[in-house]
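For reference, the structure is listed below as structure tokens.
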Amino acid sequence: MGIDALLLYGVGIVLLYLLVTVLWVPARYALSVLYHGVLGGLALWAFNYIAGAFDFHLSINPVTALVTGYLGIPGLGLLIAVQRLLAMNLD
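For the sequence shown, our numbering gives the first residue as 293, with consecutive numbering after it.
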């Protein structure tokens, strides 16, 4: 194996490292969004399970799951307030 092959392996390793580093940032962001969406969906499911006894529920969709996942309990309160305000205007 000559010096040319070693240089090509070195360049290949550097390019592979750069490619992984460049692709890691969007992948990390996508995994963060997925993580918060799943946690928000689980929180909404738990809320609907408990609030079902009082004949109250929030729909579970990607927007409500992400709002609840990113904002936590204040986000859940925000969704309840928005639903109540919209229901009040319809009556």
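Yeah, the Cβ is synthetic: ideal placement off N, Cα and C, and Gly gets one too.
This one's a predicted model, so the numbers in the text were calculated from it and none came from an experiment.
Status (buried if at least 16 other CB within 10 Å, exposed otherwise) for residue i
i           : result
residue 332 : buried
residue 346 : exposed
residue 294 : exposed
residue 304 : exposed
residue 344 : exposed
Whole-Å CB distance - residue i paired with residue j, under 8 Å assumed
i           : j           : result
residue 360 : residue 378 : With a Cβ gap of about 17 Å, residue 360 and residue 378 do not count as contacting.
Within 9 Å, strictly: CB atoms of residue i and residue j
i           : j           : result
residue 326 : residue 356 : no
residue 362 : residue 328 : yes
Best match in the options for proximity to residue i [C-alpha to C-alpha]
i           : options            : result
residue 369 : 381, 339, 353      : 339
residue 350 : 367, 375, 306, 330 : 375
residue 353 : 297, 381, 365, 330 : 330
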